[in-house]
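Chains as they are written, first to last, in our numbering: chain E, 692 to 1152; chain X, 1099 to 1398. Some notes on the structure that comes next.
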């Protein structure tokens, strides 16, 4: 690791950052026509265009860098810890473009396993030890408040110019905000969606009751009505929250006390249990499914309806998907006159408290969340952008038609409770919800138990 | 200690020092640190909340049904899986002790489950118990033992059983290996004497083999019980402690408390309790197996 005392001292000044990202953005966006063709393996464009694209990105970066980058970010090696990006050249291109624009800064990737629990554990271990060898972390939306409260990541308000801030969906930035300050920038977002077989169901259901009726009509042996994530883990909490929110409920009230055992919670959990045991439109196996297993059922053509995140779309449209071309995407259904509510997910870039190169680290965060970089990820890997402008970009929309649905959902996207104690809250809910699904307890008792335990375990704000 | 001093004085202490230092650094210091942390409120996501709270973490655990559930699940897992492993391991060892063609290959082959990483075998068992693709349901349906496929890992009644089966499959060869070594330690003259006295079958097993195998059985029992008590990876991969905590062991609960909840005070209290239960368990086992004297010596 190259440590330059000089840069370490200078970088803490946010002064030199302000101008360039604002000015740099149009240059970056302007360069993108060079990089138009998607490079996903299944529609790989000509090589020449690929080369042009890299040149375009580098030019964009150089333009951005030349406007404001002083010598501050020089002679540093910065490490980004993130889950393994797909087998596509996009990530390498993006990092190479960054290095080209910042002479003397080298970027290393520390690739993490896909399991978010494992990432959380590993990140916590490093951060507790004050490990300076990772500068930038790609973190789950539900960890931002926790990491911020622990003092492990830096507030970005001094770096983040108002014009840059305005590029993002405000709803996404709100989920990054702890005690009034942004602590991360969203790199890709995710939102809960309803996938449905448009060859069977011409129009998506507007309410959960309609979904039940349609599922009952179409399901038969080998074709389940609705698959979701029912294993005892975070995904089960997400599914429950979406039903809860659709009924106007919430986990905590405004004073931070448990509120999930009210009528909305009871109705939501009863509905979830009924999907398996009364309506019988969800196969009993959903209590063992995470995202991957449930998606597999849908891809095999074994389910009419499926709840998953937005990233599942690129899987649905892959060559080896049995339902390719037969799937529609819609907002999750609503209930009782309310619209549905998909949970907000996604991955976000944060600067470590312990970095020796905060300036260079911020620049990397800034670049990877820029319009040019997100556009490449959306075209090449189907990652869901977090900038509003990209939802008006014809080519991005052509490659990711479900963005048209997301465009209407993201402004009102709902984060899971933004609390430093969210993982604790979720851990408690996981056990009680799973018990209700397995019918070892009633929904009433499960919710009452969860509420009592939440009130004991969570400190009041 | 007094013996050492009497025998050789300071020189002996000096020679002992490296070993003592190593044990202290690797075992006693972490243990003391866990003990100390368990008396504090340590929430990593709220550093300002850090405070000495005495026994609060322990009292909160004792008041939580989740802790007692995890303890019950863990002890059940240990008891059932270790008993099955000993019985099956003994059978396997007796088979492998006989002379037959290909015995070497058979001995090597039966070590495969033990040699596989637990995560790999857990994933494999996850597929075996899969409700639709799994071979467990296929076999039982074909044999007419089931009317409809079971969701083995998704139902509280079967999830722990499935995990136990996976553990028994993996650890039985290990037990068999230890017992085989014990069998081979029984001298030829003993077998001969037993034969002359007319001991065969069950009486040979009950009156000759088992008594002589007692040390090996004891070692196998102790190792397996202590190991099974800490079970984590198998269950994490198979069920994550679900459904509804039906397979949540103490190790899983500790992991959740430490690394998901970031509650290091409560998590340390759990670790200390796990240590205490495990220590007591091994003392009881030692005493049962080797009598009072041996257990006392090991404990000291």
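Backbone N, C-alpha and C fix where the C-beta goes; we use that ideal spot for every residue, glycine too. Note that the coordinates shown come from a computational prediction; the quantities given were computed from them, not determined experimentally.
Hey, quick one: how far does the beta strand (DSSP E) through residue i stretch, first residue to last?
i	result
residue 1155 of chain E	One cannot answer for residue 1155 of chain E here, as it falls past the ends of chain E, which runs 692 to 1152.
residue 918 of chain E	915-918
residue 826 of chain E	Taken as a continuous stretch (DSSP letters only), residue 826 of chain E belongs to no beta strand (DSSP E), as it is neither H nor E.
residue 1086 of chain E	No beta strand (DSSP E) contains residue 1086 of chain E, which is instead part of the alpha helix (DSSP H) from 1085-1090.
residue 770 of chain E	767-774
residue 1020 of chain E	1018-1021
In angstroms with no decimal places, state the Cα-to-Cα distance between residue i and residue j.
i	j	result
residue 865 of chain E	residue 1062 of chain E	19 Å
residue 832 of chain E	residue 1114 of chain X	53 Å
residue 1142 of chain X	residue 1138 of chain E	27 Å
residue 1395 of chain X	residue 1381 of chain X	With a pLDDT of 49 at residue 1395 of chain X, under the threshold of 50, the predicted position of this residue should be treated as unreliable, and no value is reported.
residue 1117 of chain X	residue 1370 of chain X	24 Å
residue 1080 of chain E	residue 1103 of chain E	17 Å
residue 1249 of chain X	residue 997 of chain E	20 Å
residue 1135 of chain E	residue 1126 of chain E	11 Å
residue 894 of chain E	residue 934 of chain E	21 Å
residue 879 of chain E	residue 985 of chain E	22 Å
residue 1373 of chain X	residue 1357 of chain X	19 Å
residue 1078 of chain E	residue 1359 of chain X	32 Å
residue 1095 of chain E	residue 1087 of chain E	10 Å
residue 915 of chain E	residue 991 of chain E	11 Å
residue 1234 of chain X	residue 1226 of chain X	6 Å
residue 849 of chain E	residue 839 of chain E	15 Å
residue 1351 of chain X	residue 1132 of chain X	16 Å
residue 1179 of chain X	residue 1338 of chain X	19 Å
residue 1240 of chain X	residue 1188 of chain X	31 Å
Does DSSP classify residue i as helix, strand or coil?
i	result
residue 1228 of chain X	coil
residue 1060 of chain E	coil
residue 800 of chain E	strand
residue 924 of chain E	coil
residue 899 of chain E	helix
residue 1163 of chain X	helix
residue 987 of chain E	helix
residue 1385 of chain X	helix
residue 1035 of chain E	strand
residue 874 of chain E	coil
residue 980 of chain E	coil
residue 1006 of chain E	helix
residue 1361 of chain X	strand
residue 1369 of chain X	helix
residue 868 of chain E	strand
So is residue i buried or exposed if we call it buried at 16+ other beta carbons inside 10 Å?
i	result
residue 975 of chain E	buried
residue 1231 of chain X	exposed
residue 1049 of chain E	buried
residue 1329 of chain X	buried
residue 1255 of chain X	exposed
residue 978 of chain E	buried
residue 1145 of chain E	buried
residue 1108 of chain X	exposed
residue 968 of chain E	exposed
residue 1301 of chain X	exposed
Considering only C-alpha positions, which residue in the set the options is nearest to residue i?
i	options	result
residue 1207 of chain X	X:1168, X:1282, X:1270 and X:1179	X:1270
residue 901 of chain E	E:1023, E:1105, E:1037 and E:1118	E:1023
residue 770 of chain E	E:1112, E:1082 and E:1055	E:1055
residue 1019 of chain E	E:790, E:884 and E:933	E:884
residue 1228 of chain X	X:1210, X:1217, X:1253 and X:1212	X:1253
residue 1153 of chain E	E:875, E:1032 and E:1116	Within the shown structure, residues of chain E are numbered from 692 to 1152, placing residue 1153 of chain E beyond reach of any answer.
residue 1045 of chain E	E:806, E:820, E:952 and E:767	E:820
residue 1040 of chain E	E:1009, E:809 and E:834	E:834
residue 961 of chain E	E:1000, E:1123 and E:913	E:1123
residue 897 of chain E	E:1027, E:1099, E:1069 and E:1112	E:1027
residue 1257 of chain X	X:1204, X:1341 and X:1362	X:1341
Over the uninterrupted alpha helix (DSSP H) stretch that includes residue i, give me the two end residues.
i	result
residue 1233 of chain X	1233-1240
residue 1287 of chain X	1286-1294
residue 816 of chain E	807-819
residue 1333 of chain X	1331-1336
residue 1134 of chain X	1127-1135
residue 784 of chain E	781-792
residue 1147 of chain E	1134-1148
residue 1122 of chain E	1113-1128
residue 968 of chain E	954-968
Using a C-beta to C-beta distance shorter than 7 Å, which residues of chain B count as neighbours of residue i?
i	result
residue 997 of chain E	No chain B is present in this structure, whose protein chains are E and X.
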